[in-house]
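Asker:
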Amino acid sequence: MAELGPKIASAGASCEAATQGLEKASAMASGRRDALAGLKSERSQLLDGEETGAHRTRWNNIRLEAQDVRDGAVTALSEAATKLATATSRQEGVTAALEDAWRRVTAAESTLAEALQSAGLTPERLAGILAMRSEEIRALRQKLQELDQAVTRTATTAHDRSLDYTALLEAGVPERDAETLRAISGEIETAQAARRERMGAISNMIVTDDLARASLADLDRQIEAAKLENDTWTAVNHAVGSRSGDKFARIAQAVTLGMLVERANQHLAELKPRYRLAQAEGLALHVIDADMAGEVRSTRSLSGGERFFVSLSLALALSRMGGQGGMPTTLFIDEGFGSLDSESLDLAINALERLQSQGRTIGVISHVAAMKERIPVQVKVMSRGSGRSTVTLAAA
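Each residue of the sequence shown is one higher than the one before, counting from 14 in my numbering.
Structure, rendered in structure tokens:
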């Protein structure tokens, strides 16, 4: 025991020191917890109560989106710079072309001014010439040609008279008395007067001919217009004309049948999408089978149920055409079900039920017993003999 005393005392001192250290550590831990709580509170206020991970993810997504926007802006800037360079190059080319055009315009104006001065024309006179119609230009050219020919003839005549005069001078003055010369002069004047009179008559004939030609030109235009109108009506006659009107009737029937087929296909797409009607020659109809790679089939090859769907589609389309495009709200079907097998009958009744679900009233006149189970409202006509019957209304 004497040996354990110092050890116990030392252990007690160590225990007391450890207790004091524990208290200090507890105090420090409590302070740190308080500090941590304060930091968490501050962080919560800064993050508006959002979790750190969610906050970090959100801001990272924002950063990535901003980076994408920046990359897009850089790309757009690069494209804009490229387009600007291209536009600048085009502008330089256009500017150069414009300057070249102005140089050519200036040169053309200078050339025109020289040509006008050489021809003795003014710009106003040139504008008047350019404004002339083609008929006036042709008439002016004709007149110039006539004047050139007249000048040529006059020059030839003057040359001939000059030669005659020279020959007369060389031959000497004829030895004729004044009376003879006066008689010859009178004859010449008489001949000249007759010639002038003849020229006046010819001029009047020319004026009359010009007037006649002008009148004939207007008549030619009228004839040409009449020919064009006649060609138009001839083409119309070839297209639709005939004595009995059969050709136009066939065209009208073909157009009407085309409209009927188009509208019937709209209903057939709902009732039996497999088939589509097509117009054939002679106002006949074919059926295009989508399940057979678009094979064109005769309507006679259809089954009873398929033929019923086609007939129903045509009936609905025809009723729309007769009612200015509106869909009839009431539809009566008389028989047509007795030849259907059970599957086709079921398909037909399903089609009628779809029409009824679209707000239409469907009336079916039939003796098929299988339809009784599918028709909720029935009007039954029972024979009582002696030509009498009773009508009852039955509703499911």
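Glycine is no exception: its CB is placed at the ideal position from the N, C-alpha and C atoms.
Note that the structure is a prediction, hence the values are computed from the model and not measured.
Can you look up Gly338 in the DSSP assignment and give me helix, strand or coil?
Answerer: Counted from its first residue, the sequence shown places residue 338 at position 325. Note that Gly338 scores 49 on pLDDT, short of 50, meaning its location in the model is unreliable and no value can be drawn from it.
Asker: Can you give me the start and stop residues for the beta strand (DSSP E) that Asp347 sits inside?
Answerer: By 1-based counting over the sequence shown, the position of residue 347 is 334. Asp347 -> beta strand (DSSP E) spans Thr343 to Asp347.
Asker: Leaving out five residues before and five after Lys385 in sequence, what residues of the same chain have Cβ atoms less than 8 Å from its Cβ?
Answerer: Position 372 of the sequence shown, counted from the first residue, corresponds to residue 385. Same-chain partners within the cutoff: Gln391.
Asker: Using three-state DSSP, classify Asp302 as helix, strand or coil.
Answerer: For the purposes of this step, residue 302 is identified with residue 289 of the sequence shown, where counting begins at 1. It is a strand residue.
Asker: Just curious, the alpha helix (DSSP H) that Ala293 is in, first and last residue?
Answerer: Along the sequence shown, one-based indexing puts residue 293 at 280. Ala293 -> no alpha helix (DSSP H), and no H or E assigned at all.
Asker: Measuring only the C-alpha atoms, how far is Gln80 from Arg45?
Answerer: Taking the first residue of the sequence shown as position 1, residue 80 is located at position 67. Taking the first residue of the sequence shown as position 1, residue 45 is located at position 32. So the alpha carbons of these two residues sit roughly 39 Å apart.
Asker: Given Ile378, which residues of its chain have a CB within under 8 Å of its CB, disregarding the five upstream and five downstream residues?
Answerer: On the sequence shown, residue 378 is found 365 positions in, with the first residue counted as 1. Same-chain partners within the cutoff: Phe345, Ile346, Asp347 and Glu348.
Asker: What does DSSP give as the partner residues of Ala180 in its beta bridges?
Answerer: Position 167 of the sequence shown, counted from the first residue, corresponds to residue 180. In the DSSP output, where bridge partners are listed per residue, Ala180 has none listed.
Asker: Quick check: what's the CA-CA separation for Arg116 versus Leu160?
Answerer: Along the sequence shown, one-based indexing puts residue 116 at 103. Along the sequence shown, one-based indexing puts residue 160 at 147. Approximately 40 Å, taken between the alpha carbons.
Asker: Could you give the DSSP three-state label for Val404: helix, strand or coil?
Answerer: For the purposes of this step, residue 404 is taken as the residue at position 391 of the sequence shown. DSSP places Val404 in strand when its eight states are reduced to three.
Asker: Is the beta carbon of Gly317 less than 9 Å from the beta carbon of Thr342?
Answerer: If you number the sequence shown from 1, residue 317 lands on position 304. If you number the sequence shown from 1, residue 342 lands on position 329. No, Cβ-Cβ distance for Gly317 and Thr342 is not below 9 Å.
Asker: Where do the ends of the alpha helix (DSSP H) carrying Ile362 lie?
Answerer: Locating residue 362 in the sequence shown gives position 349, counting from the first residue. That run of the alpha helix (DSSP H) goes Ser355 to Ser370.
Asker: Under 8 Å: do the segment 284-298 and the segment 317-331 share three or more Cβ pairs, one atom per stretch?
Answerer: The segment 284-298 is in contact with the segment 317-331.
Asker: Evaluate contact between the segment 322-330 and the segment 272-280, counting only Cβ atoms and requiring at least three cross-stretch pairs below 8 Å.
Answerer: In short, these stretches touch, since the Cβ pair count reaches three.
Asker: Report all residues from its chain with a CB closer than 8 Å to the CB of Gly177; omit the five preceding and five following residues, and keep chain order.
Answerer: For the purposes of this step, residue 177 is taken as residue 164 along the sequence shown, with counting starting at 1. Strictly speaking, residue 177 in this sequence is Asp, with Gly absent from that position. Excluding residues within five positions, none has a Cβ falling inside 8 Å.
Asker: Taking Cβ positions, are Arg263 and Leu290 nearer each other than 9 Å?
Answerer: The sequence position of residue 263 within the sequence shown is 250, counting from 1. The sequence position of residue 290 within the sequence shown is 277, counting from 1. No, they are not a contact pair.
Asker: With distances taken between CB atoms, is the gap from Leu298 to Ser326 smaller than 9 Å?
Answerer: Here the question's residue 298 lines up with position 285 in the sequence shown. Here the question's residue 326 lines up with position 313 in the sequence shown. No, the pair does not count as a contact, with Cβ atoms beyond the cut-off.
Asker: Ser396 by DSSP, collapsed to three states: which one?
Answerer: Residue 396 sits at position 383 when you count from the first residue of the sequence shown. The answer is strand: DSSP assigns Ser396 an E or B state.
Asker: Where do the ends of the alpha helix (DSSP H) carrying Gly376 lie?
Answerer: Along the sequence shown, one-based indexing puts residue 376 at 363. Element bounds for Gly376: not the alpha helix (DSSP H) but the beta strand (DSSP E), Thr374 to Ile378.
Asker: Apart from the five residues just before and just after Pro136, which ones in its own chain have a Cβ nearer than 8 Å to its Cβ?
Answerer: Residue 136 sits at position 123 when you count from the first residue of the sequence shown. So the list reads Leu129, once near-sequence residues are dropped.
Asker: If Val323 sits next to Arg310, beta carbons under 8 Å apart, how far is it from one beta carbon to the other, in whole angstroms?
Answerer: By one-based count along the sequence shown, residue 323 stands at place 310. By one-based count along the sequence shown, residue 310 stands at place 297. Not really, about 11 Å apart at Cβ, beyond 8 Å.
Asker: Assign Ile21 to one of two classes, buried (16 or more other C-beta atoms within 10 Å of its C-beta) or exposed (fewer than that).
Answerer: Here residue 21 refers to the residue found at position 8 when the sequence shown is read from its first residue. Under this definition Ile21 is an exposed residue.
Asker: Would you tell me roughly how many angstroms separate the C-alpha atoms of Thr99 and Glu149, rounded to the nearest one?
Answerer: As a first step, residue 99 must be located in the sequence shown, where it is residue number 86. As a first step, residue 149 must be located in the sequence shown, where it is residue number 136. If you take the alpha carbons of Thr99 and Glu149, they lie about 51 Å apart.
Asker: Once you ignore the five residues that flank Leu353 on each side, which residues in its own chain have a CB closer than 7 Å to its CB?
Answerer: Mapped onto the sequence shown, residue 353 falls at position 340. Only Gly317, Gly318, Phe321 and Ala361 meet the Cβ criterion.
Asker: Tell me whether Ala364 is buried or exposed, calling it buried when 16 or more other Cβ atoms sit within 10 Å of its Cβ.
Answerer: For this step, residue 364 is matched to residue 351 along the sequence shown. Buried, because 16 or more other Cβ atoms sit within 10 Å of the Cβ of Ala364.
Asker: Name the residue from Ala306, Ala265, Ala225 and Leu125 whose alpha carbon lies nearest to the alpha carbon of Ala140.
Answerer: Here the question's residue 140 lines up with position 127 in the sequence shown. The candidate whose alpha carbon is nearest that of Ala140 is Leu125.
Asker: In the structure shown, what three-state DSSP assignment does Val410 receive?
Answerer: The structure shown does not extend to residue 410, since the chain is modelled only from 14 through 409, so no value can be given for it.
Asker: Determine the DSSP secondary structure at Ser216, reduced to helix, strand or coil.
Answerer: Along the sequence shown, read from residue 1 onward, the residue named residue 216 stands at position 203. Looking at Ser216 - three-state DSSP - the assignment turns out to be helix.
Asker: How would you label Leu224, buried or exposed, when you count the other beta carbons within 10 angstroms and need 16 or more for buried?
Answerer: Against the sequence shown, residue 224 aligns to sequence position 211. Leu224 should be labelled exposed.
Asker: For the beta strand (DSSP E) that contains Glu308, what are its first and last residues?
Answerer: Start at 1 with the first residue of the sequence shown, and residue 308 comes out as number 295. Run containing Glu308: Glu308 to Ser311, per the beta strand (DSSP E) assignment.
Asker: Does the Cβ-Cβ distance between Leu406 and Val381 come in under 9 Å?
Answerer: Sequence index remark: in the sequence shown, residue 406 carries index 393 (1-based). Sequence index remark: in the sequence shown, residue 381 carries index 368 (1-based). The answer is no: Cβ separation not under 9 Å.
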